[in-house]
Amino acid sequence: MSHHRVEIKDLVFTYPDGTQALKGVSLSVAHGECVAIIGGNGAGKSTLLQHLNGYLMPTSGEVRVGDFALTRETAKAIRRSVGMVFQDPDDQLFMPTVFEDVVFGPLNLGLSPQESEKRAAEALERVGMSHLRERPPYKLSAGEKRAVAIATALAGLPDVLVMDEPSSNLDPRGRRRLIELLKSFEHTRMIATHDLEMVVEICPRVIVLDHGKVVLEGATHEILGDEALMLSHGLEKPHSLKHHHPH
Amino acid sequence: MHDEQNQGYSRDVSVELRHYMEMGRMDEMGRMDSPVHRLDARAQIVTTFGFILMVMSFSRFEVAALMPMFLYPAILMVMGGISAGYLFRKIAIAAPFALLVGAFNPWLDRHVEGMVGAYPLTGGWLSFISIMLRFFLTVSAAIILVTCTGIHRLCAGGARLGMPRVFVVQLMFLYRYFFVIGDEGVRMMRGVEMRSAGLRAPGFGTYGMLVGQLLLRAMERAQRIYRAMVARGFEGEIHVLRQARWGWRETCFVMGWLTFFLGARYWNVPVLLGNWFAGGAG
């Protein structure tokens, strides 16, 4: 199956103020794969993710999601197949109740109210938040907000899930639940994060960005386990991969 | 002393917080269940507009004839479960504008229209009272409308009544971004408070910069929200899950009230009642 692939070739993006955030990024993510995008602040992670649903258009280069190359015309179709989870759930949740927020996506896709409701209920069930459906989103805890934000993305039945810092601001239990949830998905997943321990647990492959370029790419244990390499890109070797003395 | 000043400042911030929470409460009240809340939003919009038009059409010296109009907000307030305190607090926010509009009338128009006991009542005072009454009536009707429908149902109802989509979406965003700006504002005030070392208030210069910052931050945030909406297929149209249905209750509500408003507009009910009682007594 080729249609859940993400393919990026020589992607360059320059912001209107002249800042070149991406300087020729190439990468590909296979169907059903879970890939972490890591890199220090300002490495270009968020800019990269914003191309995946056509919010930003490449200055040059190509972005392909499934069967479509990203252009203004295909952006709509691409948005249907990509579920985005933003860094701050408060930006993502804007309707008066949790359920209305989750049903917002399916209704926009033109589904009937019955079908939309069914999808929204399933998505909430999937993230274990059905009991919150009538609550206003701004009254939820950070962990609940994050789960609901993921449900809003799931309700569109995306093929690809793109997440920006999904574990930020979560307490240890909330983070643990998130990790288990992300592990259980079968979507093609791209996760931008600084939470390297989480990467070790859920992503077999990592892509390291630095100064707008892909500097490393490969198996998580190999790349994250190389302390010198990690430090040279403003990162750190995760504790779980440090050498353990036998007792 | 130091502590006291600090507390003074905290109070300012908490007042802002309270206003902010109050708006959230308005939203919550829109989701309550009452006979009024169950009405199709369109019925409420039409009736409210009818009411406002009628109230505005009374002549500018009219006071007594306006009295029956108070029935509408009073009955809706009771049926909709809105507390008087809540309504008065909301009206008080807008009151200075009405006061400003009417404040000069008593000085400008000193023509004596009648006597209240031994005191002459000038046209200026009469129109001032009329303006204040009308302000009270129309604003309370509008507040009841928003409180009993909630902004989302209100917008959906407006759209179905043929309100241009651009306005509907604008209204929704205005409302949504109000919270966004409130949020940013509260955070910034907290930051200022923490670093102002017990000074009671920052100077004007600081405030100027804060306002600029607030605007920039709110714009950035608004953009992120928009991005999230676009990501979920938003194309300028707000879809509503349950379309309210127009039934006989809506027809009765609208027709009943509009008839009442028209009746109260063309016959001076208090005078009629007075005559009737006077006639009965005689």
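Sequences listed follow chains A and B, in order.
5 is the number of the first residue of the first sequence in this note's numbering; add one for each residue after it.
1481 is the number of the first residue of the second sequence in this note's numbering; add one for each residue after it.
All C-beta atoms, glycine included, are put in the ideal place defined by N, C-alpha and C.
{"Asked": "Taking the continuous beta strand (DSSP E) assigned at A:E11, which residues delimit it?", "Found": "10-18"}
{"Asked": "So what does DSSP say about A:A47, is it helix, strand or coil?", "Found": "coil"}
{"Asked": "In chain order, what are the residue ranges of uninterrupted beta strand (DSSP E) at least 3 long that sit wholly in the stretch 53-128 of chain A?", "Found": "64-69, 86-89"}
{"Asked": "At what residue ranges does the stretch 189-235 of chain A contain a whole run of the alpha helix (DSSP H), taking only runs of 4 or more?", "Found": "200-206, 224-228"}
{"Asked": "Helix, strand or coil for A:L239 per DSSP?", "Found": "coil"}
{"Asked": "So, for A:A3: in the same chain, excluding its five sequence neighbours on each side, which residues have a beta-carbon less than 8 angstroms away from its beta-carbon?", "Found": "Outside the displayed range of chain A (5 to 251) lies residue 3 of chain A, so it cannot be described from this structure."}
{"Asked": "Taking Cβ-Cβ distances shorter than 9 angstroms, what residues in chain A pair up with B:H1632?", "Found": "M99, P100, E104"}
{"Asked": "Determine whether the beta carbon atoms of A:A196 and A:S30 lie at a separation below 9 angstroms.", "Found": "no"}
{"Asked": "Going along chain A in order, which residues have a C-beta closer than 7 angstroms to the C-beta of B:R1707?", "Found": "Y59"}
{"Asked": "Quick check: the Cα distance between B:S1514 and B:L1606, rounded to an integer number of angstroms?", "Found": "38 angstroms"}
{"Asked": "What are the partner residues of A:S32, as DSSP defines its beta bridges?", "Found": "A:E11"}
{"Asked": "For A:R123, which residues from the same chain have a beta carbon less than 6 angstroms from its beta carbon, with the 5 sequence-adjacent residues on both sides left out?", "Found": "P110, A159"}
{"Asked": "Among A:C38, A:D175, A:A25, which one has its Cα closest to the Cα of A:C207?", "Found": "A:C38"}
{"Asked": "Sort B:A1639, B:I1705, B:L1738 by Cα distance to B:I1718 and report the nearest one.", "Found": "B:A1639"}
{"Asked": "List, in chain order, every chain B residue whose beta-carbon is nearer than 8 angstroms to that of A:L113.", "Found": "G1713"}
{"Asked": "So if I threshold CB-CB distances at 7 angstroms, which residues from the stretch 56-82 of chain A count as touching chain B?", "Found": "N57, Y59"}
{"Asked": "For a quick check, are the C-beta atoms of B:L1450 and B:V1526 less than 9 angstroms apart?", "Found": "This structure leaves residue 1450 of chain B out entirely; chain B is present only between 1481 and 1762."}
{"Asked": "Alpha carbon to alpha carbon, what distance is there between B:M1689 and B:R1667?", "Found": "15 angstroms"}
{"Asked": "Taking A:F108 as the query, report the chain B residues whose CB atoms sit under 7 angstroms from its CB, ordered along the chain.", "Found": "R1712"}
{"Asked": "If you count every other CB in all the chains shown that lies within 10 Å of the CB of B:F1540, and 16 or more means buried, which is it?", "Found": "Per the sequence shown, the amino acid found at residue 1540 of chain B is Arg instead of Phe. The residue in question, B:R1540, is exposed, as its Cβ has fewer than 16 Cβ neighbours within 10 Å."}
{"Asked": "Would B:I1555 be called buried (16 or more neighbouring beta carbons within 10 Å of its own) or exposed?", "Found": "exposed"}
{"Asked": "Under the rule that 16 or more other beta-carbon atoms within 10 Å means buried, what is A:K246, buried or exposed?", "Found": "exposed"}
{"Asked": "So A:A47 and A:D168 are supposed to be a Cβ contact under 8 angstroms. How far apart are they, rounded?", "Found": "Not quite, the Cβ-Cβ distance comes to about 13 angstroms (not below 8 angstroms), so this is no contact."}
{"Asked": "Measuring only the C-alpha atoms, how far is B:M1559 from B:L1753?", "Found": "26 angstroms"}
{"Asked": "Closer than 8 angstroms is the cut-off here; do at least three beta carbon pairs connect the stretch 1592-1606 of chain B with the stretch 1546-1555 of chain B?", "Found": "no"}
{"Asked": "To which residues does DSSP link A:L165 through a beta bridge?", "Found": "A:G87, A:R193"}
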